[in-house]
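Q: In our numbering, the protein residues as written are 1295 to 1574. Think of the CB as a built atom: it goes at the ideal place given N, C-alpha and C, for glycine as much as any other residue. These numbers were taken from a predicted model, which means no experiment stands behind them. Questions regarding the structure given below will be posed in turn.
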């Protein structure tokens, strides 16, 4: 049996925390990469969320890339000098190649490093990581951890509301016609994160109506309350309004996070999101 105290926890920066912030919660954060003008910058380390948003708002073309293998290898090797094992939890494999890269690097260390796909990102990733930590504290065997975690992971949900369609169009998520019609009619999609995928949800007219729809979807999926992380891409007003709409008995808002480069680049500045998992 392995206890959580003998295990180091690793996540990638889609978590929404910088490496320094992650350490406060016992999480070692490895940076995803932001690509600008053919040069890669380590997320939160060489480029900040604020800088990413400023570049996007200036019309610069950005993209994101997975964690560099050498960053994972350096992190694992350092942690294995002070811990028996490493649990490395990452953004959904449907959204990034990080899980595949981490798994390839982890094979170099045998059973001492375990890689798990969170099936989510940002606050959803954090919820899955904390559930894995809880299960280890309860005494779940190392080799059975993913099986024990799976029912919880399946129930974690995310709801993402962009402020505009422009960035979804720019990143190829919607067509020019959809963008034009949506902009004229002020139509926005609520994107749902579940099962590791980002799926198109209901369409709403305007951002305010979108916030109400996110709250409605959340209450539909978690009628008995939930643990919640909120996130935003430079939109404190919007995320605060969303928090007021979902804050009720049984709902515990754990943190408000930067949406991170992965969300900001594809959904755009102004995006707000809610990630939720069952209470324990």
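(1) Mapping the DSSP letters down to three states, classify residue 1560 as helix, strand or coil.
(2) I'd like the span of the alpha helix (DSSP H) that includes residue 1509, first residue to last.
(3) Sorted by chain position, which residues of the same chain lie with C-beta nearer than 7 Å to residue 1345's C-beta, five sequence neighbours on each side aside?
(4) Can you tell me whether residue 1530 is buried or exposed? The criterion is at least 16 other CB atoms within 10 Å of its CB, across all chains shown.
(5) Is residue 1532 helix, strand or coil by DSSP?
(6) Quick one: grab the DSSP three-state call for residue 1527.
(7) Just to confirm the assignment: which complete alpha helix (DSSP H) runs, minimum length 4, are found wholly within the region 1378-1421?
(8) Could you please give the first and the last residue of the uninterrupted alpha helix (DSSP H) stretch that includes residue 1368?
(9) Cα separation between residue 1539 and residue 1565?
(10) May I ask which residues mark the beginning and end of the alpha helix (DSSP H) holding residue 1437?
(11) Per DSSP, which residues does residue 1333 bridge with? Please list them.
(12) Count the other C-beta atoms from every protein chain shown that fall within 10 angstroms of the C-beta of residue 1493, then say buried if there are 16 or more, exposed otherwise.
A: According to the structure shown:
(1) helix
(2) 1501-1515
(3) none
(4) exposed
(5) helix
(6) coil
(7) Fully enclosed alpha helix (DSSP H) runs of 4 or longer: 1392-1400.
(8) Run containing residue 1368: 1363-1374, per the alpha helix (DSSP H) assignment.
(9) In a straight line, the C-alpha of residue 1539 is about 17 Å away from that of residue 1565.
(10) No alpha helix (DSSP H) contains residue 1437, which DSSP labels as neither H nor E.
(11) 1330
(12) exposed
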